[in-house]
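Data block below; observations after.
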C-alpha cells in the first residue's frame, strides 16, 4: 500500500493549564466555589494556591489556573485576587495557620506565638497602648522610665532588691495593718515629727535614751516610773 493512500494522523490535543477570571460565591473548608463567565467554561470550584497569600472572600474576583495536574487528577487553583468586594477588609493567610488581618485601617496578627526580634532596637509609639495577658515576664539589664501619672490596682506585691533609693515631694501612706522588720539600723531624720496614736502606745527596748537640747515635757493624768 502506498503512502498516498494512507490517511493522515494528527495527535490529539492535550488540555493544558488555562487562566480565567471568576467570582467567589462561597466556601467549604479549603474549596472555594466560583462563578465564571459562560464563554470561559471555567471550573465551579478551586483551591487557593500557596502563592496566593490574600485569602479570597465572597464577591472577590480571582484569577484561576485550570487543569493543574495533581497526581492523576486536574485541580484548578486560585492564583491571585484581582479585586476585592470589600476593599477595607483583607486577610493574609500564611503557612502554618498564621494570619495577618486588615480591617478599615486596623492591623491584627493572629498566630499561636508571635516574636519580635531586632538586631539593634524595637520601637513602639502610639497614643494608647493596651496589653492583656494571663502571665507576663519582663527582663532588663537596665530600665529607665518616665511616667507623668501612675495608677495601679494590685492583688499582692513582693519585691526583692539590694538597694532602694526614693526621692519624693510628698508621701502619703494608708494601711489597715503595717509590720516592719529591720535587722540592723533603722534611722529617721526629720525637721519636725509628730506621732499620734488613737489607743495604746507601747515602747520596749533593752536600752533607751531621750536627749533634748531644750525642754522635755511629759503630760498625763497619771505617770508611773519604775
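Residue numbers (this note's numbering): 178 to 403. Just so you know, even glycine gets a beta-carbon here, dropped at the ideal spot from N, CA and C.
8 Å Cβ shell around residue 260 - same chain, five flanking residues per side excluded
237, 238
Secondary structure of residue 274, DSSP reduced to three states:
helix
Around the Cβ of residue 243, are there at least 16 other Cβ atoms within 10 angstroms (buried) or fewer (exposed)? With 16 or more other Cβ atoms within 10 Å, it is buried.
Next item on the list: Using only alpha-carbon positions, find the residue among 214, 380, 255 that is nearest to residue 222.
Entry: 255
inquiry  = Classify residue 367: buried if its beta carbon has 16 or more other beta carbons within 10 angstroms, exposed otherwise.
reply    = Counting the other Cβ atoms within 10 Å of the Cβ of residue 367 gives fewer than 16, which makes it exposed.
Considering just the uninterrupted stretch of the beta strand (DSSP E) at residue 295, what are its terminal residues?
Neither: residue 295 is in no beta strand (DSSP E) and is coded neither H nor E.
DSSP on residue 401, reduced to helix/strand/coil?
coil
- [ ] Kindly give me the distance between the Cβ atoms of residue 224 and residue 271, rounded to whole angstroms, as I take these residues to be in contact under 8 Å.
- [x] That pair is no contact at about 16 Å.
Review point. Unbroken beta strand (DSSP E) runs of length 3 or more, entirely within the segment 195 to 278: which are they?
Key: 195 to 205, 208 to 213, 222 to 225, 238 to 247, 250 to 260, 266 to 270
Residue 329 versus residue 202 - alpha carbon distance
51 Å
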